[in-house]
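Below you'll find the structure, written out as structure tokens, and then a few comments.
There are 2 protein chains.
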Amino acid sequence: MCIVKSNEHIGDRNVTPLSESEPAAGDTRSRPTMRHVAALAGVGVKTVSRVINGEPNVSAATIEKVNAAARKLDYQPDLHAGNLRRADGRTRTLGLLVGSVDNPFAGAVHRAVEDAAADRGVAVFASSLDDDPAREQEAVAAFLRRRVDGLILTTVSESQAYLAPELRRGTPVVFVDREPAGLTSDSVVSDNADGAALATRHLLEHGHRRLAYLGDRAGIQTARERRRGFLEELGRAGVATRDLPVVEGLHDEATAREATLALFAGDQPPTAIFSSQNLVTIGVIRALRELGRHHDTALVGFDDVPLGDLLDPGITVVAQHPQEIGRLAAERVFARLDGDEAPALRTVVPTTLIVRGSGELPPKAER
Amino acid sequence: MCIVKSNEHIGDRNVTPLSESEPAAGDTRSRPTMRHVAALAGVGVKTVSRVINGEPNVSAATIEKVNAAARKLDYQPDLHAGNLRRADGRTRTLGLLVGSVDNPFAGAVHRAVEDAAADRGVAVFASSLDDDPAREQEAVAAFLRRRVDGLILTTVSESQAYLAPELRRGTPVVFVDREPAGLTSDSVVSDNADGAALATRHLLEHGHRRLAYLGDRAGIQTARERRRGFLEELGRAGVATRDLPVVEGLHDEATAREATLALFAGDQPPTAIFSSQNLVTIGVIRALRELGRHHDTALVGFDDVPLGDLLDPGITVVAQHPQEIGRLAAERVFARLDGDEAPALRTVVPTTLIVRGSGELPPKAER
DNA sequence: TGTCCTCCTGACAACGATGTCAAAGGTAGG
DNA sequence: CCTACCTTTGACATCGTTGTCAGGAGGACA
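Those protein sequence lines, which keep their order, are chains Y and R.
No gaps in the numbering here: position 145 of the first sequence is 145 in the working numbering, and each next residue is one more.
In the working numbering, each residue's number is its place in the second sequence (first place is 1) plus 1000.
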């Protein structure tokens, strides 16, 4: 280390060669920087910075000169370069991880998040997960390397403990749809067990006792909750669940359709079906139509189905409110960014039963 | 170390105090930088940089030391800081602008783009437009301030000439769904006129002569193309178009429903309808059902309708292929980034007629 | 006229990384 | 033993911007 007190030689300070030539303002092929704008406007870069950022104490004449130069060069400030030095270090960027952006539920969440973000000049990275734990960690790492201000995550891996250091550093992380494991942080979820119970009660009230559960993989937390809600409601109603068909591991239309067909190939087909997910519901509908049983087998699905009201019968569902989930998640992230230090908050968004016909069909035997 | 080039005054150059203390490695609340990792590993920052980026000429022992330190600190490199200096200046980021991320067409495009991007370690910003020209420019500016490597845009404003300087700087811009105006650049679009003609021909072949066109606002380029395809096909068939109802300006279910009801309140209701868009198709379906005319009025929609095959009648549509559009758009962007200097390319993705019932209903009078 | 204050302005360091370059150490060949 | 060369390493400048700070201009006041 070489610290010297220089009082004497004012001479050779400032030896920095600096790029001799003024930045060429006319070159249209290279991206203009503040220095180009400053050179064209005949002011210092810091003054340009002040004008671009609307800082006070710049004369009207200077503001106009700078703006004219910026317009002429089609100058756009480099947000990331600024962030490097800026006090708050915010990139005005959010990372959103969903099952798949090509999926109505995720689309609605995304849209709500985007609306909240756009109001604040924040851009949103969206990434799809496809239920692949490896993708989850890669996507999160990709977000973090880009220094997003906050994360809104649908997760699928066993544990999110890997996020603990990031959380300690103050990055807000909000989990949507599914709750985190191995970590405590804000979450916004549907009331899965309650919604499933609601659907089940609805079917019980219409006289069904032989109910079937068709659901997603048990590894998914929401699927487990829905299954629990289904079974517990039956328990409360005093219906023996031992012999009722509980099929899990369905994750698309094809597998759900096959499972339904198999159910009706057995000797005791159900009089009512609770399907725990969007795509499963659609698979069930297809199977029931093929079997010609869609008018005598009751069906309530979890999560709404597009055009469910135009089908015959209309599809009764327990609807989630993805828009609301997205809105609340964004609200949570921004509250944290604004300094909210409260303990992790779990926000539960209630579900809504939408009656359309398929859930009100009476049991076949009683007809 | 104090290396000075000037031979005379070793004195007062290089007074940089430099942070005296080694960066505190233990502080878990601040984000670690390369200097932290370097200090912990006992090497220089440039060596850390080499290890992180997999550059050659680092000894195995050093690599291990650095990786251990990085792991211990949960270090994530700052991609944007690196880009500032990096030779290629790539942020490994793409900007995608669509009508609304909460919309099946956009979702499919988005997903295809994301898949292509993820393969290359590129993250995608997605933003919604809502047919608002002001939003278009704001969103593009937000992308550019973040220095995206390329843009994939659905546009709505009169002219995209404002992008010319950016294009000159070499930023790849690919337009999807709608072609640009006032600017020449790559585009990937459906064959709108051809698809509309296909739908129209289909209805003509089933004996209809009194066709109605229900479409989106004429300000939207694709809507104009579809209208043109409809009218031209009628012209080719020698059907007088003068008295046929051509309704425009519809952009959601409600307006489409009302327009349909109005059509049937007139004295010469159509025997067949061509609806030029997703939401319009659904509005028409609702109106026809209310009127009880869904089994005697033929309908072909442009763009697929979710669960269209499960409705009664099934909805015949001219389907677009958004996934393919997204895939090709991403391919174009990456080709440009990889140095493709060919003139702007217009890629047309053909449409497909999907026959499901509603388009094959014969004219009522002939029944 | 001198002092103080406010307004405006620009030089400079710093943010976290990478490109350049030179130095240190080792090995091989003469 | 010297030279040439390769491998490994780190000091330093730099990318485009903002924070800090100091200096100059101008007005108000004594």
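Glycine is no exception: its CB is placed at the ideal position from the N, C-alpha and C atoms.
In this text, all values refer to a predicted model and were calculated from it rather than measured experimentally.
Simplified DSSP state of residue i, which is helix, strand or coil
i: Y/Ile315; result: coil
i: R/Leu1097; result: strand
i: R/Leu1198; result: helix
i: R/Ala1298; result: strand
i: R/Ala1134; result: helix
i: R/Leu1151; result: strand
i: R/Ser1159; result: coil
i: R/Val1140; result: helix
i: Y/Ser128; result: strand
i: R/Asp1252; result: coil
i: R/Pro1104; result: helix
i: R/Ala1038; result: helix
i: R/Asp1115; result: helix
i: R/Gly1082; result: helix
i: Y/Val305; result: coil
Within-8 Å CB hit, residue i to chain R
i: Y/His80; result: yes
i: Y/Glu324; result: no
i: Y/Gly107; result: yes
i: Y/Asn67; result: no
i: Y/Asn278; result: no
i: Y/Ala262; result: no
i: Y/Phe302; result: no
i: Y/Ser358; result: no
i: Y/Phe334; result: no
i: Y/Leu231; result: no
i: Y/Asn103; result: yes
i: Y/Glu366; result: For Y/Glu366, the predicted structure reports a pLDDT of 42, less than 50, and the residue's modelled location is therefore unreliable. The matter cannot be settled from this model.
i: Y/Pro165; result: yes
i: Y/Pro350; result: no
i: Y/Leu361; result: no
Nearest-angstrom beta carbon gap, residue j and residue i [assumed within contact, 8 Å]
i: Y/Ser187; j: Y/Pro180; result: 7 Å
i: Y/Leu353; j: Y/Val318; result: 6 Å
i: Y/Gly326; j: Y/Arg111; result: 7 Å
i: Y/Gly238; j: Y/Gly195; result: That pair is no contact at about 21 Å.
i: Y/Val37; j: Y/Leu73; result: 6 Å
i: R/Val1403; j: R/Ser1128; result: An answer regarding residue 1403 of chain R cannot be provided, because it is not within the stretch 1001 to 1367 covered by chain R.
i: R/Met1034; j: R/Val1048; result: 5 Å
Counterpart residues of residue i in DSSP-defined beta bridges
i: R/Arg1242; result: Beta-bridge pairing links R/Arg1242 to no other residue.
i: Y/Ile285; result: The partner list for Y/Ile285 (beta bridge, DSSP) is empty, contrary to what the question assumes.
i: Y/Tyr213; result: Y/Val246, Y/Phe274
i: R/Thr1352; result: R/Ala1319
i: Y/Gly357; result: Y/Gly314
i: R/Arg1346; result: R/Ser1187
i: Y/Phe334; result: Paired residue(s): none; Y/Phe334 is not in a bridge.
i: R/Phe1175; result: R/Leu1153, R/Ser1187
Any chain Y beta carbon closer than 8 Å to residue i
i: R/Ala1287; result: no
i: R/Glu1331; result: no
i: R/Ala1038; result: no
i: R/Glu1136; result: no
i: R/Gln1160; result: no
i: R/Pro1306; result: yes
i: R/Val1355; result: no
i: R/Arg1212; result: It is Ala, not Arg, that sits at residue 1212 of chain R in the sequence shown. It does not; no Cβ of chain Y falls within 8 Å.
i: R/Ser1185; result: no
i: R/Ala1098; result: The residue you asked about is not Ala; residue 1098 of chain R is Val in the sequence shown. Taking Cβ atoms only, chain Y never reaches closer than 8 Å to R/Val1098, which makes this a no.
i: R/Pro1133; result: no
N-terminal and C-terminal residue of the alpha helix (DSSP H) that residue i is part of
i: R/Gly1339; result: It is not in any alpha helix (DSSP H) - R/Gly1339 carries neither H nor E in the DSSP assignment.
i: Y/Val48; result: 45-52
i: Y/Pro165; result: 164-168
i: R/Thr1033; result: It is not in any alpha helix (DSSP H) - R/Thr1033 carries neither H nor E in the DSSP assignment.
i: R/Lys1065; result: 1060-1073
i: Y/Glu55; result: Unbroken run through Y/Glu55: none, as it is neither H nor E.
i: R/His1206; result: Segment: none, R/His1206 is in no alpha helix (DSSP H) and carries neither H nor E.
i: Y/Thr222; result: 221-236
i: Y/Arg90; result: Careful: Y/Arg90 lies outside any alpha helix (DSSP H) and carries neither H nor E.
N- and C-terminal bounds of the beta strand (DSSP E) containing residue i
i: R/Ser1190; result: 1186-1190
i: Y/Val122; result: Premise fails: Y/Val122 is in no beta strand (DSSP E) and is neither H nor E.
beta-carbon residue i near the ligand NAP non-hydrogen atom, thresh 7 Å
i: Y/Arg289; result: Ligands are entirely absent from the displayed structure, and the ligand NAP is therefore not among its contents.
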